[in-house]
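These notes are about the structure you will find just below.
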């Protein structure tokens, strides 16, 4: 099975700065996936200034694949995330589902 990453949920978070909770589903050899590599390009900025995944955690999955949730600041909904599994498209935000109610945002 090929390594694949898909964002299956994007949820706006009420905070002082723009932040979203993202739900990620992984298939394949997930040990090869590195959350430290999850970022999003910012034009005219060096990679060190790009945003990155924050406070990632594994969550229960309704499928046989494994799911994770993480926060991301200043998410550009029109640009893909970059990861060790390649580019990941971003769906439109929806309301945060009740099953993720226990995941609370804490400022870094």
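Numbering (the working numbering), first residue to last: 1 to 108.
C-beta: ideal position from N, C-alpha, C; glycine also.
Quick caveat: nothing in here was measured; it's all calculated off a predicted structure.
- Any idea which residues DSSP pairs residue 12 with across the strands? 20
- Hey, would you say residue 84 sits closer than 9 Å to residue 48, going by beta carbons? no
- Task: Determine the contact status of residue 91 and residue 30, defining contact as a CB-CB distance below 9 Å.
- Result: no
- Task: Would you decide whether residue 32 is buried or exposed? Buried here means 16 or more other CB atoms lie within 10 Å of its CB.
- Result: exposed
- Can you tell me whether DSSP reads residue 29 as helix, strand or coil? coil
- Item | DSSP-derived helix/strand/coil call for residue 125 | Absent from the model: residue 125. The displayed extent of the chain is 1 to 108, so no value can be given.
- In three-state terms, what does DSSP make of residue 53? coil
- With 16 other Cβ atoms within 10 Å as the buried cut-off, status of residue 106: exposed
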